[in-house]
Structure formats: C-alpha cells, structure tokens
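Single-structure report; data block below.
Number of protein chains: 2
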Amino acid sequence: MQRSMGILGTRWKPIIIYTLRDRKARFGQLDALIENISRKVLTSSLKELEEDGIILREVFKELPPRVEYTLTEKGKALIPIMCQLAKWNEEYYAEEIAL
Amino acid sequence: MQRSMGILGTRWKPIIIYTLRDRKARFGQLDALIENISRKVLTSSLKELEEDGIILREVFKELPPRVEYTLTEKGKALIPIMCQLAKWNEEYYAEEIAL
DNA sequence: TAAAGTAGTTACCTTTGCGTAACTATCAAT
DNA sequence: ATTGATAGTTACGCAAAGGTAACTACTTTA
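Chains A and B, in that order, are what the protein sequence lines are.
Counting from 1, position 21 in the first sequence corresponds to residue 96 in the numbering used here; the numbering is continuous, with no gaps.
Counting from 1, position 48 in the second sequence corresponds to residue 123 in the numbering used here; the numbering is continuous, with no gaps.
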C-alpha cells in the first residue's frame, strides 16, 4: 500500500489516469480536459507516470509535432478503481447537498 | 474526481483508511500499525478525515484516556477501493521483481 | 518575414506534506 | 513527589507539490 501511494498519492495523477480511461490524448487535450491543472504539473506528472510504467508516451514525427499518451496494461488495471472512486464521490456528494 | 482527490490525494490518508478496514483502532495502535508515519501527520490526517466525514473519533473518559477511530459509512464505502489498490500493487510488484 | 500551432521548458514563488524532537495534560499507582 | 501510560501538541525546518507567466523550438502557411 505504501508503494501504491508513493506512485499515486498526489492530487493530480489519479485524475490524469481517470481522464485517459477511455481515450488516448495529446498533451494539449489533457491540458484542456483537466480543469485547473497547470502545464507544469501536467508535464511532470506525465513524466513520472511514464517512469512508473503507468502511461505510454508516443511521439509522432509530424508537423506540427504530435505526442499521444495512453495507459499501459498496468495503468489500465487502475481504471475500475478510479471509476469506483468517481462513483463514491458522486454518491456522497449528492447526499451532502441533499441535507 | 477533483473533489475526491482533494480529500484523499495524499500519501498517508488512504493508508490510514486501509488500516481501519477491518478494525477500530486507537491512536497509539495506528501509530504502531502504520510504519514510518509520524505522530504529527497522523494527528492532522485523522483530524481532516474526521472533518470530511470519513472517520469517527470516539473519546472514552477513562484513565488512562482512550480514543478510538472507526470508519463512517462514507469511509467504509472506500474499503473495496483501497483493497483493490493494494491488490493492484501486489500484482504488478510481483511482476516487476520477476523480471 | 511574420503568424500560428504543438509541445513543452524555465524561472520564480507559495503552499502543503511530512519529519524530528521535545514538550503537555491527566490521573493512578508507587 | 516521581513514574508510567495514553493521546496528543508545538516548534522548527526541509522537500515536494503546485501555480503563474514568459519563453523556446520547429515548421508550415499566409
């Protein structure tokens, strides 16, 4: 568990993984899809997630350049977990505003 | 998802929740069960988790004083998620050391 | 030659997370 | 009066996480 949290225990990384659950995405797309994230944090988070074998970074030598990010198998294995987390939040947030 | 991560997106909070998955525990027990955590972080994490409605803090007016921490319903709903996370880690860590 | 698009990087700064060590409070038992 | 047990708190500081704004590099198109 401590190892998991060493990899995922930040505010943004799980959100990045969740965003990639059903699509590949380019840097600019991630920047647009994830509200409030800064390009700097996005850059460093993507780099670390790649180092940890969770996402794959593919560079296409085109013009203008294109870089696509996708989940690896290890990363895809996290999708159900992230979805449950999103569901958990919806459930209990709905409960709170109902009070 | 951003709200979830605002609550859980740290290195230690998920570990605390995971530790409480099958037992109530006292402050000193948590301190002993969770390796490497400092009392200070434990204190502040417990306080924040209580504010977010994930754990319950019960004070027993005994001598010496006793304080027990348990998961609320909202917190218990996270147990399967935490267990999956632990499982995810074991799976892929086993894979890595096999290489 | 200048704009426009993609994918970042860099510098600088603030906030948060986390650690260590020492200290507090309460009461009982010795 | 000192020790022991529980459950913290406080002071101090470092490092990591995160934010903003400006800048780079490359090449096509106008």
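We treat Cβ as the ideally placed atom computed from N, Cα and C, and that holds for glycine.
Just so you know, these numbers come straight off a predicted model, no measurement behind them.
query, result
"Residue nearest to A:Arg114 in terms of C-alpha spacing, selected from A:Leu124, A:Glu123, A:Phe102", "A:Phe102"
"Within the stretch 76–143 of chain A, ranges of the alpha helix (DSSP H) (whole runs, at least 4 residues)", "77–83, 88–94, 102–108, 114–126"
"Cβ pair count under 8 angstroms reaching 3, the stretch 94–112 of chain A against the stretch 106–121 of chain B", "no"
"Spatial distance of A:Val142 from B:Lys162 (CA atoms)", "31 angstroms"
"B:Arg96 and B:Ile156 closer than 8 angstroms at C-beta", "no"
"Rounded C-alpha distance that separates B:Glu166 from A:Glu171", "36 angstroms"
"B:Ile91 at chain A interface by Cβ criterion, 8 angstroms", "no"
"Extent of the continuous alpha helix (DSSP H) run through A:Ala50", "Here chain A has residues from 76 to 174 only, and residue 50 of chain A is not among them."
"8 angstroms contact criterion, which B:Thr147 and B:Gly128 should meet: CB distance rounded", "6 angstroms"
"Residues within the stretch 132–154 of chain A neighbouring chain B, beta-carbon criterion of under 7 angstroms", "Lys149, Ala152, Leu153"
"Expected contact under 8 angstroms - CB spacing of B:Asn164 and A:Ser120 to nearest Å", "Wrong, their Cβ atoms sit about 19 angstroms apart, outside the cutoff."
"Identity of the residue in B:Leu124, B:Lys99, B:Ile92 nearest B:Gly81 by Cα", "B:Leu124"
"Sequence-distant residues of the same chain with beta carbon closer than 6 angstroms to A:Tyr30, five excluded per side", "With chain A covering only 76 through 174, there is no way to say anything about residue 30 of chain A."
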